[in-house]
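Going by this note's numbering, 14 is the number at position 14 of the sequence shown; the sequence numbering is gapless.
Taking it in order: structure first as structure tokens, then the write-up.
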Amino acid sequence: MRPVSATGSKAAQEGHSPGHIAATDEEATEEYWEYYRTYLLEARYEHGFPPITRESYEHELAYGSLYVGSPATVAANVARTMKNLHASRFDLTYGMGPMPHSRLLEPIRMYGTDVVPRVKELLAHEE
Numbered sequence: 001m002r003p004v005s006a007t008g009s010k011a012a013q014e015g016h017s018p019g020h021i022a023a024t025d026e027e028a029t030e031e032y033w034e035y036y037r038t039y040l041l042e043a044r045y046e047h048g049f050p051p052i053t054r055e056s057y058e059h060e061l062a063y064g065s066l067y068v069g070s071p072a073t074v075a076a077n078v079a080r081t082m083k084n085l086h087a088s089r090f091d092l093t094y095g096m097g098p099m100p101h102s103r104l105l106e107p108i109r110m111y112g113t114d115v116v117p118r119v120k121e122l123l124a125h126e127e
């Protein structure tokens, strides 16, 4: 059931967050780290963010809003977020920082062919 908006109609909720998908959690975590760090170092100076450390990255992976891992891990995290937000849609933001386009093609493919079907299956079991 989706939440009802102030006008009485069903609201379409959307979630979105940055992420990266690879064959394994470890591979995705290692691939994404350098791009995440580089991007946030630049943003840190512009916006006053705290220092970016490997520890803060791993904390964000465990408890924050980074969707980084294998297709199964990312699907479980997306499904949980969609359920909690009553979202009807979730957009994964690819290519944080200087990640080259060639490194994005496989994660995009995995999102469409592996993650999305798993999310639909997980959410169907919740109903």
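Here a beta-carbon is modelled for each residue, glycine too, at the ideal position from N, C-alpha and C.
Keep in mind that this is a model prediction, so the values were computed, not measured.
Once you ignore the five residues that flank F49 on each side, which residues in its own chain have a CB closer than 7 Å to its CB?
Against the sequence shown, residue 49 aligns to sequence position 49. Hits under 7 Å: L40, A43.
Using 10 angstroms around the beta-carbon of G64, count the other beta-carbons present and answer buried if the total reaches 16, otherwise exposed.
If you number the sequence shown from 1, residue 64 lands on position 64. Answer is exposed; the Cβ neighbour count stays below 16.
Tell me where the alpha helix (DSSP H) around V78 begins and ends.
The residue given as residue 78 occupies position 78 in the sequence shown. Per DSSP, V78 belongs to the alpha helix (DSSP H) from 71 to 85.
Please classify S102 as buried or exposed, where buried requires at least 16 other C-beta atoms within 10 Å of its C-beta.
Position 102 of the sequence shown, counting from 1, holds the residue named residue 102. S102 should be labelled exposed.
Could you tell me the alpha carbon to alpha carbon distance between D114 and A72, rounded to whole angstroms?
Numbered from its first residue, the sequence shown carries residue 114 at position 114. Numbered from its first residue, the sequence shown carries residue 72 at position 72. When rounded, the distance between both Cα atoms is 8 Å.
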